[in-house]
Amino acid sequence: YFRASLFSRQFFEYDKDGKPYYFSPYDGKVHQGYMFTDTGFWDTFRAQFPLNTIMQPTMHGRYMQAMLDAQEQCGWLPSWSFPGEGGSMIGNHAISLLADAWAKGIRTFNPEQALKAYLHEATNKGPWGPANGRHGWKEYYELGYVPYPEYREATAKTLEYAYDDFCGYNLAKMTNNDFYADVFSRQMYNYKNVYDPGTRFMRGKQKDGKWVPNFDPIEWGGPFTEGNAWHYQWSVFQDVQGLINLMKGEQNFTAKLDSVFTEPNKVKVGTYGGLIHEMTEMVMANLGQYAHGNQPIQHMIYLYNYAGEPWKAQFHARDVMYKLYNSTENGYPGDEDQGQTSSWYVLSAMGFYSVCPGTDQYVIGSPMFKKITISLENGKKFIIEGNNNNKENFYISAAALNGKTYTKNYITHSDITNGGILKFEMSNKPNLQRGLSGDDKPFSLSK
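Residues in the sequence shown are numbered consecutively from 19, following the working numbering.
Spelled out as structure tokens, the structure:
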């Protein structure tokens, strides 16, 4: 948890009256209030910030307002700051943080201001790098996808923009803002436009609507960001059920999830022209095409919960924790990435993970310990117990929340912040009957 919390950094100090103020890296002026820096949201929207919503809600609330202040000072929402805007990586993930905070009751900012800032982000291209505004925003709007090769990493961008548009939609919906809800609802299903039923993968698509030729799912780069088609297949955080439908049902979906681990751990370097460390880390991890050393696939294990095989999420979550993390100098499977890689472990060790930030749900995996106590800022405690938990007993045979039988494959943020006890009965055999009903499945846009 120490490593998970090293970033972001406070970028403010206190005046003689104890009030916060800072020198802005965006406009070069001194302002009252809070400012934070040194993070890249492409990594940290996934788990580091969701972990903060549980452990540091006051700081998190200040952070949300600081992002909107930064937007006022430089004209763009931050995407990668050190200390000012760097514009690295892809996507418009500031909206993920804002929607996630609101969904979890952290409401320290004006949602109308956030939505207005995001609409500007989604319909313009900023002055830095691929992030800040949108590379290919016009084509994304007109064609429903970002075309390749006009825009590098175009398919990854399409998938992440569609998720961000869901976050904009959900924030608008939660705050009864019909105008923005309507605008973003039109684009949040755009992931469907880069799925090729012929190869059953997400693919690069040309401006003329044809698939980019010479497709190889193990080839990195090109239309993807630090990954390949095996990794980006799963980047539909907001609508896993919709992805299951595209793939023609749960059986095909779970078979493909299984294949990630059984495919050879080979790479083709593609447009990178040589091995990058993320490729080397995937090969060293020796878990097939499962590249946990980088962010795009880190949520994938938990997707079994949406498709009628939650016990496989339990198996793989525990397997990855044991195989890829330890307390030596080799204890990380890849880049720490401003706390994201640690936050994956911290949440997973507690027994759940934030598959879709922007909603109030955490999807269940397999807790690492017999007892975990979360001491909350509000003075309450949330306790996770794993009866009979050990290295062999990683399957959940039964669960109870505050004494009542619990079959859902997720828990909500308020379940945690209200305090209570989540009790798992652990076993070395999977319970093939638990968590299979429609109500047990986590949130998806498509019912």
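For every residue, glycine included, the Cβ atom is placed at its ideal position computed from N, Cα and C.
- So what's residue 264 in DSSP terms, helix, strand or just coil? helix
- Query: Can you tell which of 69, 55, 86 has the C-alpha that lies nearest to the C-alpha of residue 101?
  - Reply: 55
- Among residues of its own chain, excluding the 5 on either side of residue 274, which ones have a beta-carbon nearer than 8 Å to its beta-carbon? 218, 251, 265
- residue 468: first and last residue of the uninterrupted alpha helix (DSSP H) it sits in: With the chain covering only 19 through 465, there is no way to say anything about residue 468.
- Item | residue 393, DSSP secondary structure in three states | strand
- Task: For residue 88, I'd like the list of residues in its chain whose CB is within less than 6 Å of its CB, leaving aside the five on either flank, ordered along the chain.
- Result: 44, 96
- For residue 294, which option in 244, 253, 338 has the closest C-alpha, if you only look at C-alpha atoms? 244
- Message: Need the endpoints of the alpha helix (DSSP H) that residue 254 sits in, please.
- Response: Counting along the chain, residue 254 falls outside any alpha helix (DSSP H), and DSSP gives it neither H nor E.
- Could you name the residues of the same chain whose beta carbon sits closer than 6 Å to that of residue 378, not counting the 5 residues immediately before and after it, in chain order? 121, 122, 430, 431
- Query: By DSSP, does residue 49 sit in helix, in strand, or in coil?
  - Reply: strand
- Classification of residue 173 by the beta-carbon crowding that lies within 10 angstroms, buried from 16 upward: buried
- Query: Is residue 21 helix, strand or coil when you go by DSSP?
  - Reply: helix
- Query: With 16 as the cutoff for other CB atoms within 10 Å, does residue 410 come out buried or exposed?
  - Reply: exposed
- Query: residue 321 lies in the alpha helix (DSSP H); which residues open and close that run?
  - Reply: Here residue 321 belongs to no alpha helix (DSSP H), and DSSP marks it neither H nor E.
- Identify the continuous alpha helix (DSSP H) that holds residue 413 and give its terminal residues. No alpha helix (DSSP H) contains residue 413, which is instead part of the beta strand (DSSP E) from 413-419.
- Check each candidate in 449, 459, 464, 414 and name the one with the smallest Cα separation from residue 440. 414
- Query: Where does the unbroken beta strand (DSSP E) through residue 42 begin, and where does it stop?
  - Reply: Unbroken run through residue 42: none, as it is neither H nor E.
- CB residue 351 to CB residue 365, shorter than 7 Å? no
- Straight-line CA distance for residue 65 to residue 455? 27 Å
- Between the C-alpha atoms of residue 104 and residue 145, what's the straight-line distance to the nearest angstrom? 10 Å
- Query: DSSP state of residue 202, grouped into three classes?
  - Reply: helix
- Message: Using only the alpha-carbon positions, how far apart do residue 463 and residue 191 sit?
- Response: 13 Å
- Which listed residue (49, 321, 235) has its alpha carbon closest to that of residue 282: 235
- At least 3 beta-carbon pairs within less than 8 Å: the segment 422-429 vs the segment 383-394: no
- Task: Using a threshold of 7 Å, state whether the C-beta atoms of residue 147 and residue 114 are closer than that.
- Result: no
- Task: Excluding the 5 residues preceding and the 5 following residue 257 in the sequence, name in chain order all residues of the same chain whose CB lies nearer than 6 Å to its CB.
- Result: 462, 463, 464
- Query: Any idea what DSSP makes of residue 166, helix, strand or coil?
  - Reply: coil
- Item | Endpoints, the alpha helix (DSSP H) within which residue 186 is located | 172-192
- With distances taken from CA atoms, which of 271, 290, 83 is nearest residue 476? Outside the displayed range of the chain (19 to 465) lies residue 476, so it cannot be described from this structure.
- Item | Separation of residue 232 from residue 182, as counted between CA atoms | 30 Å
- Which of the three DSSP states, helix, strand or coil, is assigned to residue 207? coil
- Message: By the three-class DSSP mapping on this structure, what secondary structure does residue 463 have?
- Response: coil
- Query: Quick one: does residue 249 have its CB under 7 Å from some CB of chain C?
  - Reply: Of the chains in the structure shown, none is chain C; there is only one protein chain.
- Query: Taking C-beta to C-beta, are residue 332 and residue 384 nearer than 7 Å?
  - Reply: yes
- Query: Between 135, 307, 324, 63, which lies nearest to residue 458 when the distance is taken from Cα to Cα?
  - Reply: 324
- Message: residue 212 and residue 223 - do their beta-carbons sit closer together than 7 Å?
- Response: yes
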